[in-house]
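A.B. asks:
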Amino acid sequence: MATAVDTQASLERRLTLTFPATEVRKEVEKRLKAQAKTARAPGFRPGKVPMKMVAAQYGYQIESDVLNDMVGRAFNQAATQQKLKVAGFPKIEPKQDAPEGMLSFDATFEVYPEISLGDLSKLEIETVKTDVTDAEIEKTIDILRKQRVHYHTKGEAGEHGTGGEPVAANGDRVTVDFVGSIDGVEFPGGKADDYTFVLGEGRMLAEFEAATVGLKVGESKTFPLSFPEDYHGKDVAGKTAEFTITLKKLEWAHLPEVDAEFAKSLGMADGDLGKMREDIKVNLEREVKGRVKARNKEAVMDALVKNTEMQVPKALVEQDSQRLAEQTRQEMSQRGMDVKNMPFPAELFATKAERRVRLGLILGQLMEENKLQATADQVKSQIEDFAQSYEDPKEVLKYYYADRRRLADIEALVLEENVVNYVLGKAKVSVKDVPFDELMGSNAQA
């Protein structure tokens, strides 16, 4: 039996569970007899081991299992009878002052909170939009050209020659020897032969690149270089070194022309430049659509969190913190990092976990109150949208429909979108134009 619910704190509750010790003994004896039928011990045939030996070997574990089962069953029955919405798992502790012949346990747990969503019509939410113009298409083409760059010796005559006396300039690929010293002593990592980099990409410190610009092949230059205080090499951070560089090779960047061959390299079999630009535009618009959706979803989620009064069960936050810690460990391990002895304290993830739990409870209530569940058609449409960027969309459909967990992930995305659209339909919404570059540089995540 269970006593009335005792309120310990805002969301914390306690139940006392009591039942006769004879019930435990009967169940233990029953399970011991079942165990004896297959028990093995040296000198005895299977199933012929004396009961005392069976009890000595298995009794403690069986009694522990029986108590766990009976307490769990009693707790679930009491929670159901008293209509308690239990959040997380209860903490079970034995009571020392149980009545004679009885066993008593305190079950301490949390319940789900009451959620006050507030008036959605009073929410003020700023959404964003971004247009894909010809300028973005041309900029993307330039990026694609740079990805296909090839280099030729600067100053050579011929089809790819530049003529004239070559000197190093931004955009050129240079090969150098260099040696650095601090107070006349070379330092580890300060010397290299045949080192190649492209001027202007920022791969080297600015003073190093500036000293290289203007050199001709075979020329050397000695110059001072000050390492930043936060430089990754701690031995030289904040110090000034003297470097000598020698230019050994100089190449200029030859970008492909935007012609039929270039279009073919991007998958346009007929080399049609018009189709190429249209394909680029479609891909950019798909990327923009996804990022705009993410930004707007984040704005809605922020507004819901600020507008909703509720307490968050600590048990759910702790569970999600542990889940995030383990997820981080797995992701780092998959990247090849050695995380065997690396600590992942769940407390580090508590802030993120608290927000995730809070939003989960809010979304759950909105979904239940307004019937915003994902429909089969919405799920299929979402998968088809994902599949557009793959060569074989049918295979993408098969992939998701072959696994219920994958479908559940899509259903969760659709549910969030339903909630976002519902809230935007109720709130006071303003729209802000965001430049393409700003949008593409953002990494909005809900």
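Take the sequence shown: its letter number 361 is residue 343 in the numbering used here, and every next letter is one higher.
Note that the Cβ used here is the ideal one computed from N, Cα and C, for glycine as well.
So, helix, strand or coil for Gln427, using DSSP?
C.D. replies: Position 445 of the sequence shown, counting from 1, holds the residue named residue 427. The pLDDT assigned to Gln427 is 42, lower than 50, so where the model puts this residue is not dependable, and the model offers no usable value.
A.B. asks: For Pro375, report the span of its alpha helix (DSSP H) as first-last.
C.D. replies: Against the sequence shown, residue 375 aligns to sequence position 393. Element bounds for Pro375: Pro375 to Tyr383.
A.B. asks: Helix or strand or just coil, what does DSSP make of Met422?
C.D. replies: Within the sequence shown, numbered from 1, the residue matching residue 422 stands at position 440. Note: Met422 maps to helix in three-state DSSP.
A.B. asks: Return the chain-ordered list of same chain residues with a C-beta closer than 8 Å to the C-beta of Gly29, the five sequence neighbours on each side being excluded.
C.D. replies: Position 47 of the sequence shown, counted from the start, is the residue given in the question as residue 29. Same-chain partners within the cutoff: Ala18, Lys19, Thr20 and Ala21.
A.B. asks: In angstroms with no decimal places, state the Cα-to-Cα distance between Ala428 and Lys73.
C.D. replies: In the sequence shown, the residue the question calls residue 428 occupies position 446. In the sequence shown, the residue the question calls residue 73 occupies position 91. In this prediction, Ala428 has a pLDDT of 38, which is less than 50 and means its spatial position is unreliable; what the coordinates show is noted afterwards. About 32 Å.
A.B. asks: Please report how far the alpha carbon of Asp124 lies from the alpha carbon of Asp415, in whole angstroms.
C.D. replies: Taking the sequence shown and counting its residues from 1, one reaches residue 124 at position 142. Taking the sequence shown and counting its residues from 1, one reaches residue 415 at position 433. Cα to Cα, the separation comes out at about 24 Å.
A.B. asks: Taking 8 Å as the threshold, find out whether the region 194 to 206 comes into contact with the region 224 to 241 through three or more Cβ pairs.
C.D. replies: Verdict: yes, contact present.
A.B. asks: Please state whether DSSP places Leu(-1) in a helix, a strand or coil.
C.D. replies: Within the sequence shown, numbered from 1, the residue matching residue -1 stands at position 17. Strand.
A.B. asks: Rounded to the nearest angstrom, how far is the Cβ of Leu397 from that of Gln355, given a contact under 8 Å?
C.D. replies: The residue you call residue 397 lines up with position 415 of the sequence shown. The residue you call residue 355 lines up with position 373 of the sequence shown. Leu397 to Gln355, Cβ: 7 Å. Contact.
A.B. asks: Need the endpoints of the beta strand (DSSP E) that Thr431 sits in, please.
C.D. replies: This structure leaves residue 431 out entirely; the chain is present only between -17 and 428.
A.B. asks: Could you spell out the range, first to last residue, of the alpha helix (DSSP H) harbouring Lys271?
C.D. replies: The residue given as residue 271 occupies position 289 in the sequence shown. Looking at the DSSP string, the run of the alpha helix (DSSP H) that includes Lys271 is Leu255 to Asn289.
A.B. asks: Going by CA-CA distance only, name the one from Glu108, Met186 and Glu224 that's closest to Asp165.
C.D. replies: For the purposes of this step, residue 165 is taken as the residue at position 183 of the sequence shown. Out of Glu108, Met186 and Glu224, Glu224 has the C-alpha closest to the C-alpha of Asp165.
A.B. asks: For the candidate residues Leu237, Val158 and Gly342, whose alpha-carbon lies nearest to that of Gln129?
C.D. replies: Locating residue 129 in the sequence shown gives position 147, where the first residue counts as 1. Checking every option, the nearest Cα to that of Gln129 belongs to Leu237.
A.B. asks: Locate the beta strand (DSSP E) running through Leu207, then write down its first and last residues.
C.D. replies: Numbered from 1 along the sequence shown, position 225 holds the residue referred to as residue 207. Here the beta strand (DSSP E) through Leu207 covers Ser202 to Ser208.
A.B. asks: Note down the Cα distance separating Lys221 from Val161, rounded to an integer number of angstroms.
C.D. replies: Locating residue 221 in the sequence shown gives position 239, where the first residue counts as 1. Locating residue 161 in the sequence shown gives position 179, where the first residue counts as 1. When rounded, the distance between both Cα atoms is 16 Å.
A.B. asks: Report buried or exposed for Phe87, applying the criterion of at least 16 other Cβ atoms within 10 angstroms of its Cβ.
C.D. replies: Taking the first residue of the sequence shown as 1, we reach residue 87 at position 105. Buried: at least 16 other Cβ atoms inside 10 Å.
A.B. asks: My assumption, with CB atoms under 8 Å, is that Glu(-6) sits in contact with Thr90. Please give the rounded CB distance.
C.D. replies: Against the sequence shown, residue -6 aligns to sequence position 12. Against the sequence shown, residue 90 aligns to sequence position 108. Rounded, the Cβ-Cβ distance is 7 Å, consistent with contact.
A.B. asks: If I follow the unbroken beta strand (DSSP E) through Asp176, where does it start and stop?
C.D. replies: Locating residue 176 in the sequence shown gives position 194, counting from the first residue. It spans Val167 to Val180 - the beta strand (DSSP E) in which Asp176 sits, taken as one unbroken run.
A.B. asks: Would you call the CB atoms of Ala23 and Leu85 closer than 8 Å?
C.D. replies: Position 41 of the sequence shown, counted from the start, is the residue given in the question as residue 23. Position 103 of the sequence shown, counted from the start, is the residue given in the question as residue 85. Contact: no.
A.B. asks: Rounded C-beta distance between Phe205 and Glu189? I'm assuming under 8 Å.
C.D. replies: Working through the sequence shown from its first residue, we reach residue 205 at position 223. Working through the sequence shown from its first residue, we reach residue 189 at position 207. Going by Cβ atoms, the distance from Phe205 to Glu189 rounds to 7 Å, so yes, they are a contact pair.
A.B. asks: Pick helix, strand or coil for Tyr404, following the three-state DSSP scheme.
C.D. replies: Reading the sequence shown from its first residue, position 422 is the one you call residue 404. Three-state DSSP puts Tyr404 in a helix.
A.B. asks: Please work out which residues of its chain come closer than 8 Å, Cβ to Cβ, to Val6, disregarding the five sequence neighbours upstream and downstream, and give them in chain order.
C.D. replies: Along the sequence shown, read from residue 1 onward, the residue named residue 6 stands at position 24. Glu45, Val48, Leu49, Met52 and Leu85, listed in sequence order.
A.B. asks: Is the beta carbon of Leu298 less than 8 Å from the beta carbon of Gly70?
C.D. replies: For the purposes of this step, residue 298 is taken as the residue at position 316 of the sequence shown. For the purposes of this step, residue 70 is taken as the residue at position 88 of the sequence shown. Yes. Within cutoff.
A.B. asks: Does the Cβ-Cβ distance between Thr157 and Tyr177 come in under 8 Å?
C.D. replies: What you label residue 157 is simply residue 175 of the sequence shown in a count that begins at 1. What you label residue 177 is simply residue 195 of the sequence shown in a count that begins at 1. The answer is yes: Cβ separation under 8 Å.
A.B. asks: Quick check: Ile119 and Leu266, are their CB atoms within less than 8 Å of each other?
C.D. replies: Counting from one through the sequence shown, the residue named residue 119 turns up at place 137. Counting from one through the sequence shown, the residue named residue 266 turns up at place 284. Result yes, Cβ atoms of Ile119 and Leu266 sit closer than 8 Å.
A.B. asks: For the candidate residues Ala174, Asp154, Ser163 and Gly196, whose alpha-carbon lies nearest to that of Gly184?
C.D. replies: Counting from 1 along the sequence shown, the entry for residue 184 is found at position 202. Among Ala174, Asp154, Ser163 and Gly196, the Cα nearest to that of Gly184 belongs to Asp154.
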